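*Asks:* For the sequence shown, the working numbering gives the first residue as 1, with consecutive numbering after it.
Handing you a structure now.
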Amino acid sequence: MISIVVVDDHQLFREGVITLLDGSDDLQVIGQAGSASQAKRIIVEKKPDVVIMDISLGTENGIEVGRDLRATGSDFALLIVTMETAPQLFQVARKEAEVDGYVLKLDAFDELERAVRQVASGQKFISPTLASELAYANDADDGNDGLTPRELQVIVLVVEGYSSAQIGEQLGISKRTVDTYRANVREKLQISSSSELVRYAIRKGLVTA
Numbered sequence: 001m002i003s004i005v006v007v008d009d010h011q012l013f014r015e016g017v018i019t020l021l022d023g024s025d026d027l028q029v030i031g032q033a034g035s036a037s038q039a040k041r042i043i044v045e046k047k048p049d050v051v052i053m054d055i056s057l058g059t060e061n062g063i064e065v066g067r068d069l070r071a072t073g074s075d076f077a078l079l080i081v082t083m084e085t086a087p088q089l090f091q092v093a094r095k096e097a098e099v100d101g102y103v104l105k106l107d108a109f110d111e112l113e114r115a116v117r118q119v120a121s122g123q124k125f126i127s128p129t130l131a132s133e134l135a136y137a138n139d140a141d142d143g144n145d146g147l148t149p150r151e152l153q154v155i156v157l158v159v160e161g162y163s164s165a166q167i168g169e170q171l172g173i174s175k176r177t178v179d180t181y182r183a184n185v186r187e188k189l190q191i192s193s194s195s196e197l198v199r200y201a202i203r204k205g206l207v208t209a
């Protein structure tokens, strides 16, 4: 059973997410918080496997909360669920709070559910929608080079060191489909080596150097 704490300053959103998550046999919400101070207390006390947190917590900042909790030695996977699509915020969240996953509130619930399971297992997760936004934002001249959101997501996971089988498990698709995405990426970007793919991902802001 994966234990979860949900942190968001909008009660209606919190309760909706909790209701949906509790409908899954392997997920259990053990706490919720509407402010940074509540979040810190509950997370230290409950010791959840996964913390779902918004970046905006009223006048407070979810990234700072995550960073402060990391500094105390609290061991949990941090999954950001937010409306914020700014690439700069994503990079700050990854660097300062060691975020394990990033999901947009615009995404379907299935994406959130999949993200929770993946970060709980020690893997990373990035919303396909956000991956596309990052690519566009970091190179307005050539957009996303014809890559689909799913292909961009595969790039992130490849650069993070995951095999095709692991990527397939995370995205809910077959290894063969992942290999097809990887081949499409190489063809569209006209690259043949892993180092070239890493450089592309860094330039696009999909990963940090």
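Glycine included, every Cβ here is placed at the ideal spot set by N, Cα and C.
Small disclaimer: the values here were computed from a predicted structure and weren't measured.
The beta strand (DSSP E) spanning residue 50 covers which residue range?
*Replies:* 50 to 53 is the extent of the beta strand (DSSP E) around residue 50.
*Asks:* Expressed to the nearest angstrom, what Euclidean distance is found between the alpha-carbon atoms of residue 130 and residue 103?
*Replies:* Those two C-alpha atoms are separated by around 8 Å.
*Asks:* With a cut-off of 8 Å on the beta carbons, I'd call residue 193 and residue 178 a contact; round off their distance for me.
*Replies:* In fact, because the Cβ distance is near 18 Å, the residues do not count as touching under 8 Å.
*Asks:* Tell me whether residue 62 is buried or exposed, calling it buried when 16 or more other Cβ atoms sit within 10 Å of its Cβ.
*Replies:* By the neighbour-count rule (16 or more Cβ atoms within 10 Å), residue 62 is buried.
*Asks:* Should residue 151 go down as buried or exposed, given a rule of 16 or more other Cβ atoms within 10 Å for buried?
*Replies:* Buried, because 16 or more other Cβ atoms sit within 10 Å of the Cβ of residue 151.
*Asks:* Report the option in 55, 172 and 73 whose CA atom is closest to the CA atom of residue 35.
*Replies:* The shortest Cα separation from residue 35 among 55, 172 and 73 belongs to 55.
*Asks:* So that I know if they touch, is there some Cβ in chain C lying closer than 8 Å to that of residue 198?
*Replies:* No chain C appears in the structure shown, which is made up of a single protein chain.
*Asks:* Taking DSSP as the reference, what is the three-state secondary structure of residue 141?
*Replies:* Its pLDDT being 45, under 50, residue 141 is placed unreliably in this model, and the coordinates cannot settle the point.
*Asks:* Three-state secondary structure (DSSP) at residue 102?
*Replies:* Residue 102: strand per DSSP, three-state reduction.
*Asks:* Would a C-beta distance cut-off of 8 Å place residue 185 and residue 154 closer than the cut-off?
*Replies:* Their beta carbons are under 8 Å apart, which means residue 185 touches residue 154 by this criterion.
*Asks:* So the alpha helix (DSSP H) residue 202 belongs to, where does it begin and stop?
*Replies:* Residues 194 to 204.
*Asks:* Kindly list the residues whose CB is nearer than 6 Å to the CB of residue 279, restricted to its own chain and excluding five residues on each side of it in sequence; keep chain order.
*Replies:* There is simply no residue 279 to check, as the chain begins at 1 and stops at 209 in what is shown.
*Asks:* What does the alpha-carbon distance come out to for the pair residue 100 and residue 79?
*Replies:* Computed Cα separation, rounded: 6 Å.
*Asks:* At the level of alpha carbons, what is the spacing between residue 105 and residue 7?
*Replies:* About 14 Å.
*Asks:* For residue 140 and residue 204, I'd like the C-alpha separation in whole angstroms.
*Replies:* Any reading at residue 140 must be qualified, since the residue scores a pLDDT of 48, below 50, and its modelled position is unreliable; the value itself is stated next. If I take the Cα positions, the gap works out to 10 Å.
*Asks:* If you check the beta carbons only, do residue 52 and residue 17 fall under 8 Å apart?
*Replies:* Taking 8 Å as the Cβ cut-off, residue 52 and residue 17 qualify as a contacting pair.
*Asks:* If you follow the beta strand (DSSP E) that residue 108 is part of, which residue opens it and which one closes it?
*Replies:* No beta strand (DSSP E) holds residue 108; DSSP gives it neither H nor E.
*Asks:* Name the two residues that bound the continuous beta strand (DSSP E) containing residue 82.
*Replies:* 77 to 82 is the span of the beta strand (DSSP E), which, as asked, contains residue 82.
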